[in-house]
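**Q** Pasting in a structure now, in C-alpha cells, and then I'll have a few things to ask.
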Amino acid sequence: MSTPERRKPFPFDLFEPKWQHAWLDRATFHVPNPGDPAFDPSRPKFYVLDMFPYPSGAGLHVGHPEGYTATDIIGRAKKRQGFNVLHPMGWDAFGLPAEQYAIKTGQHPRVTIAANVAHFKGQLQRIGFGYDWQREVNTTDPGYYRWTQWIFLQLYHSWFNPETGKAEPIATYPGTDPDSVRLAYVSEAPVNWCPALGTVLANEEVIDGKSEVGGHPVERRPLRQWMLRITAYAQRLIDELDGLDWPESIKLHQRNWIGRSEGAEVHFAIAGSSEQGAWGQSPSPAESPCSPPPAPCSITVFTTRPDTLYGATYMVLAPEHRLVDTLVTDEQLTAVEEYREKTARKSDLERTELAKDKTGVWTGAFAINPVNDQKIPIWIADYVLLGYGTGAIMAVPAHDERDWEFARKFALPIRAVVSPTPSLGLGGGSSPCEAEPLECFVGEGYAIHSGPLDGLPTAAAKEEILMLLEQRGLGERTINYKLRDWLFSRQRYWGEPFPIVWEGGRHHAIPESELPLIPPDLEDFKPTGTAEPPLAKATDWLRYHRVHHERGEPKASAFPLPSLSAIEGAEPAHGLATRETNTMPQWAGSCWYYLRYLDAQNPERFVGTDAERYWMGGGKPGGVDLYVGGTEHAVLHLLYARFWHKVLFDLGHVSTPEPFQRLVNQGLILGEDGQKMSKSRGNVVNPDDVIQQYGADALRCYEMFMGPLEQTKPWSMTGVEGIYRFLARVWRLVMEENQAGEWVVSAGVQDVPADKALLKVVHATTKKVTEDIEALAFNTALAQMMICCNALTAANPRPLSAVRTLLHVLNPFAPHLTEELWDRLGGEGLLADTPWPAYDPALLIEDEVEMPVQVNGKMRDKIVVPKDAPMADIEIAAQAAPNVLPHLEGKTIKKIVVVPGRLVNIVVG
RNA sequence: GCCGGUGUGGCGGAAUGGCAGACGCGCCAGACUCAAAAUCUGGUAUCCGCAAGGGUGUGUGGGUUCGAGUCCCACCGCCGGCACCA
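Just so we're aligned, residue -15 is where the first sequence starts under the numbering used here, counting upward by one.
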C-alpha cells in the first residue's frame, strides 16, 4: 500500500501558484513610464536592479535567489512605501557560455537559449519575484542588439578630446587621420588566442594563462582586432568613483585594475649612434642632433622613480621591443634571437607565475645615462613587459627588487643612490661610490651619490630631477595606467555582428537605418579552428550591397556618415565591400541593459529621453538606486558599463555620468560542507527542490536569514526547516484545522485591542523591520518577526490588528503566505498594494527601565527605576541593590557613572 | 610578496564604547500520545558550587577608558583578489 504523503504544516503548494498568477494577471509589479496614462508623477522613483543571468542549461542555483530576494524585498517594501519602483529582469544570452552549451548539445544557440530562458523565467516566477515582466529584455533579440550595434557606432564615430576631457563626434577632430583616434578602432597588436575556444579573449578573460571559460590554454598571437579606447577614460574612471556608494573594496579593486602611476619618461641616447653628453653641454634641445622628441637613436623608458636615475646601471628592453633589431650587435645576434624565440614560446604562465628566476641576454649595445654620461649595457629580458609603459626600463638594482635580482644573477653593477636616513648621505657628497650595497632598498629616503639631488628627500628629489630633465628635453612627467584598451572582437558566431563593412582594406560604418544587422542563420556555427570567424562561411551575407535610401538618411543619425564611394572612389553596388565577420564579446549586451529596461519597447531610440531622465534622475552621479550582484563582476562588467555610460553621457544621450549609484555585493553561498558548491563535490543545492519541499517563502526567508547579505555563508537544510517552522507558526497564528481536516480561520483571532506589552512588541517589530530593510539587514528583521510571532502565539485571544501588522511587515519576505492570510482575514485587495504600516515611537517607551549596576565595570545587580528618575535617586538605588552591597563593603566610592537609561557603574577603591 | 575581508557557544549568527551570545539550528528535559512523528513548554558558553553566588570567556599580546567583541598598536590563523605594471 502506498503511504499518503505526510500532510504539510501549511498548504503552500496550493496558495503559492495562486498568488503568483494573481500578481501576473493584475500586472501588480508593472510600473508605468512618464507619459503613460497610469503614471503617478507625485511618487518618487526607486530603481532597483539585479545583475541579469546567463540563461545556462543548468538552471538557477541557490546563489541566484540570494541577491534577487534581497532586491525583491526592497522593491516590494518601497512600492508599499509610496515609490514608483522599477524592478526589471532580463537575459544575457549572447556569448561563450550559451554557445559552448549549444555546441555541446548540437542545437542552434537560438533554440537552446529560448528553452533556457523559459526555464529560468519559470524558476524565477516560482520564487515569487515581483518583476515588471513587460520590461523584460534579451540581449539576443534583434530589437535589443540593434541598439548595442547603435552604441558601437556612437563609439566608432567619436574620439576622446584631451582638451575637453570628453568624447566628441569625430567631425570635431582636427587631425588628418580620424581612424587613429576613434573610440572603436582596429589594431594589429598581439592578442590572447585560445585554440580550444577558437577565439581571442580579453586580458580579463584569461586567468593564469588559461581561458576563464573552460580553462583552455591561451597563447599570444598578432591578429587584426577591434579595440575600444577605454584607456582614454582611465582618469575619469578613477576620479568619478568618489561620488558612488559602492563598497570601498570594489572601488579599490577598480583603482588597482586601472593602475595609475605617476612618473617620468626619460630618453636615453644609444651609445655610438651619435654625439651624447646632453646633460652638461647642450641645454637647448634644438642644438642636439639626437635630442628628443626621441629619434631612432634613443630609447625612452618609463619610471616612477626618476630620483634614482643616477643609480641606473643598465637598461632592459622587452624581448619584443621594436628597437631590439636595430640595437643588437653581430656578436650577440644569435644569443638574442635564441632568447626571443624561447620567450615567444613561453606561455604567460611560464613568463610570470613560474619564472621567478630572471632570464635575459645582452644586446651588445650600450646606452648613455643622460645625467652622468655613463655607458650602460642594454639587455633584453622577459621580466620587462612590452605592453606597459614604453616596454623599456632603466634598471636601478639598488632600489628595485627585480632589477636587484637580475643584476645579482648577471653580475651587473649596483649603485646605491637613496639612503633610508639623512645622516648616511652626509659624507657621501657627490663623490662616486661604487661600493655595492648589501641589500636592496625600495623605500623612500634621501638622495646620495646623485649630484645635484644629494641630501634631498625622495619627493623633492623627484621634483628636482624632473625639472632638470624637462629643462634639457631629456624627459617629461608622465602618468601611466595598467589598464589596456578593451579587445572587443571575438571569432565566434553567437554575438552581435559589427555594423562595419570593409572595402579596399578600409573599414566603414553602415548606416543606422540598416540596423539591426542580423547575423546569417548558419547551420554550422562552430568555430572554424582558424582565426577566421564562423561568419566568414556565410558567403551571401558577407557581400555588402549598399542600400540606397529613397527616403533619405535615417533620422536618428547623430553624425553624417561618410559615403563609401566618396572615400574610396569605388562603386559599392558591385559587391566590392564585405562585412566584418568578427562578433562582439559577451560584455557588450550587459554594458547597457539597465538603460533598455527604462523603455524596453522603444523602436525609435535606445531609451526614450523622458524615461531616461525620470528613472536615472535624482541628482546623484549614478542613476540606478541599488544594484545587487556578485563580486566576480568587480572589474569587468562594472568597468565596461561605466565606460560606455560615460561615452553616452559625453555625447548627450544619457543624463548622468555614472550608471550605478549604490552597489551591494551579495556573498557567496557555500555547500553544506562549507566548500564552494560544485557538481564534482556533489554539494549543489537546487532551489526547485527546496521549493518543492518547503515552498518559495521558506526558500526566500532562509536565504535572508542565513546571515548578512554580503557575507559568504554555508547552506544548511536544517536551517531551512527552522524558517519553515516559523512560517508554519505564522500560519497557525491565523488558521486551525476543523474536525473535517480543513483549514479555517482560528477562533483565537479576535477583533480586540492589544495589551500594552503586545502593542510594544508589534510597534518595535514594525520599526525594526522598516529600518532593517533599508539597511539590507534582512536576517535581523526576520529575527524580530520571530519574536513578534512568539509573542502573538502566547496571546489569547490574538488581536486581529496585531496579527495584520505582522502580515504587513512579513509580506516582502514571505509574500505568498502573507497574501493568503491577508485574504483569509478579509483584507481588502492585494497586500502587495497596501500601504506600509507606520509605528508609534511613543509606544516603545517604557514607564520604568531596568538598569544594570556594575562595580568597577563588573555586572553585579539590576535595579528598576522610573523612566526619568533623577540621577541622585538612581545612584542611591544602585548602592542599595542587594548584590551590590557586598562589593562595596570596606571600600570607598570614588565615582559613580550613570548613563541614563543604560547602566550604572560604581567605581570603588 | 601586495591588497582586501574575516576570526564570538556544538553550528549559522546578534550586539549606537554600556547586561556578550538576540533569533534560529542542534541537543537535553517535560507536556500531549498506547507509542512515535508533529506540536507546545522549559533548559542549554565554560569552570567551582546543593544552592545563592562566584571565577573565566569574543584568535594572541599590549594600550586608551569608569567601562572594549566594538577604538588604537603589534602579531597569528582562515577566506578572496592581484601578482615581475618599473
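Beta carbons are placed, not taken as given, at the ideal position from N, Cα and C, and that holds for glycine.
Going straight from the alpha carbon of Q219 to that of M451, what length do you get?
**A** Residue 219 sits at position 235 when you count from the first residue of the first sequence. Residue 451 sits at position 467 when you count from the first residue of the first sequence. Q219 and M451: Cα-Cα distance of roughly 24 angstroms.
**Q** Mind checking whether E0 and G114 have CB atoms under 8 angstroms apart?
**A** Taking the first residue of the first sequence as position 1, residue 0 is located at position 16. Taking the first residue of the first sequence as position 1, residue 114 is located at position 130. Between E0 and G114, the CB-CB gap reaches or exceeds 8 angstroms.
**Q** Per DSSP, what kind of secondary structure is R788 in: helix, strand or coil?
**A** Start at 1 with the first residue of the first sequence, and residue 788 comes out as number 804. Residue state, collapsed to three classes: helix.
**Q** Mark A731 as exposed unless 16 or more other C-beta atoms lie within 10 angstroms of its C-beta, in which case mark it buried.
**A** Mapped onto the first sequence, residue 731 falls at position 747. In the assembly as shown, A731 is an exposed residue. Its beta-carbon has fewer than 16 other beta-carbons within 10 Å.
**Q** With DSSP as the reference, label R208 as helix, strand or coil.
**A** Here residue 208 corresponds to residue number 224 of the first sequence, with the count starting at 1. In the structure shown, R208 sits in coil (DSSP, three-state: anything other than H, G, I, E or B).
**Q** Taking the alpha-carbon positions, what's the G573 to L185 distance?
**A** Position 589 of the first sequence, counted from the first residue, corresponds to residue 573. Position 201 of the first sequence, counted from the first residue, corresponds to residue 185. When rounded, the distance between both Cα atoms is 17 angstroms.
**Q** Leaving out the 5 sequence neighbours to the left and right, which residues in its chain are closer than 6 angstroms to E246 when beta-carbon positions are compared?
**A** Mapped onto the first sequence, residue 246 falls at position 262. Cβ neighbours of E246 beyond the five flanking positions: I463.
**Q** What does S403 pair with, by DSSP beta-bridge criteria?
**A** Within the first sequence, numbered from 1, the residue matching residue 403 stands at position 419. According to DSSP, which records beta bridges pairwise, S403 is partnered with Y430.
**Q** Check whether the Cβ atoms of G295 and H383 lie closer than 8 angstroms to each other.
**A** By 1-based counting over the first sequence, the position of residue 295 is 311. By 1-based counting over the first sequence, the position of residue 383 is 399. Closer than 8 angstroms, so yes.
**Q** Is A379 near F390, with beta carbons less than 8 angstroms apart?
**A** As a working mapping, residue 379 is identified with position 395 in the first sequence. As a working mapping, residue 390 is identified with position 406 in the first sequence. Result yes, Cβ atoms of A379 and F390 sit closer than 8 angstroms.
**Q** Can you tell which of T702, Y38, F627 has its C-alpha closest to the C-alpha of F136?
**A** Position 152 of the first sequence, counting from 1, holds the residue named residue 136. Of the residues T702, Y38, F627, the one whose Cα lies closest to the Cα of F136 is F627.
**Q** Please work out which residues of its chain come closer than 8 angstroms, Cβ to Cβ, to S547, disregarding the five sequence neighbours upstream and downstream, and give them in chain order.
**A** Along the first sequence, one-based indexing puts residue 547 at 563. Note that S547 scores a pLDDT of 37, beneath 50, so its modelled location is shaky and nothing firm can be said.
**Q** Would you kindly work out how many angstroms separate the C-alpha atoms of W917 and T777, rounded to a whole number?
**A** Not covered by the structure: residue 917. The range shown for the chain is -15 to 893.
**Q** From this set, E304, K521, Q455, which residue's C-alpha is nearest R476's C-alpha?
**A** Counting from 1 along the first sequence, the entry for residue 476 is found at position 492. Proximity to R476 across E304, K521, Q455 peaks at K521, based on C-alpha coordinates.
**Q** Using only CA atoms, which one of V170, I877, P884, W820 lies nearest to K851?
**A** Within the first sequence, numbered from 1, the residue matching residue 851 stands at position 867. Of the candidates V170, I877, P884, W820, the one whose C-alpha sits nearest the C-alpha of K851 is P884.
**Q** Return the chain-ordered list of same chain residues with a C-beta closer than 6 angstroms to the C-beta of E803, the five sequence neighbours on each side being excluded.
**A** As a working mapping, residue 803 is identified with position 819 in the first sequence. Around E803: W3, L815.
**Q** Specify, as a first and last residue, the run of the alpha helix (DSSP H) that N100 falls within.
**A** Taking the first sequence and counting its residues from 1, the one referred to as residue 100 is at position 116. First-last of the alpha helix (DSSP H) with N100: 93 to 110.
**Q** Taking Cβ to Cβ, would you say T123 is nearer than 8 angstroms to W75?
**A** Taking the first sequence and counting its residues from 1, the one referred to as residue 123 is at position 139. Taking the first sequence and counting its residues from 1, the one referred to as residue 75 is at position 91. It is a contact, given that the beta carbons lie within the stated cut-off.
**Q** How would you call F590, buried or exposed, if buried means at least 16 neighbouring beta carbons within 10 angstroms?
**A** As a working note, residue 590 is residue 606 in the first sequence. Buried, since its Cβ has 16 or more Cβ neighbours within 10 Å.
**Q** Contact defined as beta carbons within less than 8 angstroms: I believe K879 pairs with V888. What is the distance between those atoms, to the nearest angstrom?
**A** Counting from one through the first sequence, the residue named residue 879 turns up at place 895. Counting from one through the first sequence, the residue named residue 888 turns up at place 904. Their Cβ separation, rounded to whole angstroms, is 11 angstroms, which puts K879 and V888 out of contact at 8 angstroms.
**Q** If we call anything under 8 angstroms between Cβ atoms a contact, is P821 one with V793?
**A** If you number the first sequence from 1, residue 821 lands on position 837. If you number the first sequence from 1, residue 793 lands on position 809. Going by C-beta atoms, P821 is nearer than 8 angstroms to V793.
**Q** Which residue's Cα is closest to the Cα of F644: Y169, A319, Y611, V718?
**A** The residue given as residue 644 occupies position 660 in the first sequence. With distances taken between Cα atoms, F644 lies closest to Y611.
**Q** The beta strand (DSSP E) that contains V839, what's its start and end?
**A** Taking the first sequence and counting its residues from 1, the one referred to as residue 839 is at position 855. Unbroken beta strand (DSSP E) run through V839: 832 to 839.
**Q** Leaving out five residues on either side along the sequence, give the residues of the same chain with a beta carbon under 8 angstroms from the beta carbon of A22.
**A** By one-based count along the first sequence, residue 22 stands at place 38. For A22, where only same-chain residues beyond five positions count, the Cβ hits under 8 angstroms are P16.
**Q** Can you say whether N774 is buried or exposed, counting buried as having 16 or more other CB atoms within 10 angstroms of its CB?
**A** Position 790 of the first sequence holds residue 774. By the neighbour-count rule (16 or more Cβ atoms within 10 Å), N774 is not buried but exposed.
**Q** So, is M855 buried or exposed, given that buried needs 16 or more other C-beta atoms within 10 angstroms?
**A** For the purposes of this step, residue 855 is identified with residue 871 of the first sequence, where counting begins at 1. The residue is exposed, with fewer than 16 neighbouring Cβ atoms inside 10 Å.
**Q** For L632 and K697, I'd like the C-alpha separation in whole angstroms.
**A** Counted from its first residue, the first sequence places residue 632 at position 648. Counted from its first residue, the first sequence places residue 697 at position 713. As the crow flies, the alpha-carbon of L632 is around 39 angstroms from that of K697.
**Q** Which of the three DSSP states is assigned to A178 in this structure?
**A** As a first step, residue 178 must be located in the first sequence, where it is residue number 194. The sequence shown places Cys at residue 178, not Ala. In the structure shown, C178 falls within a strand segment according to DSSP collapsed to helix, strand and coil.
**Q** Here's the rule I'm using: 16 or more other beta-carbon atoms within 10 Å means buried, otherwise exposed. How should Q768 be labelled?
**A** Position 784 of the first sequence, counted from the start, is the residue given in the question as residue 768. Per the 10 Å Cβ criterion, buried.
**Q** Which residue spans inside the segment 807 to 866 form an unbroken alpha helix (DSSP H) run of at least 4?
**A** 855 to 864
**Q** Can the beta-carbon of I398 be found less than 8 angstroms from the beta-carbon of V285?
**A** For the purposes of this step, residue 398 is taken as the residue at position 414 of the first sequence. For the purposes of this step, residue 285 is taken as the residue at position 301 of the first sequence. Not in contact: I398 and V285 (Cβ atoms no closer than 8 angstroms).
**Q** Among D594, R60, E50, which residue has its Cα nearest to the Cα of G614?
**A** Walking along the first sequence from the start, residue 614 turns up at place 630. With distances taken between Cα atoms, G614 lies closest to E50.
**Q** Y528 bridges to which residues according to DSSP?
**A** Mapped onto the first sequence, residue 528 falls at position 544. Answer is A561, bridged to Y528.
**Q** Which residue's Cα is closest to the Cα of L139: G679, W470, V736?
**A** Numbered from its first residue, the first sequence carries residue 139 at position 155. Comparing Cα positions, the closest option is W470.
**Q** Starting from the C-beta of M299, find all residues in its chain whose C-beta is less than 8 angstroms away, skip the five residues before and the five after it, and write them out in chain order.
**A** Against the first sequence, residue 299 aligns to sequence position 315. Counting only Cβ-Cβ distances below 8 angstroms, and skipping sequence neighbours, we find F252, I283, V285, A351, I360, P361, I362, W363, A376, I377, M378, A379.
**Q** For N100 and M568, what's the separation of their Cα atoms in angstroms?
**A** Locating residue 100 in the first sequence gives position 116, where the first residue counts as 1. Locating residue 568 in the first sequence gives position 584, where the first residue counts as 1. C-alpha separation (whole angstroms): 22 angstroms.
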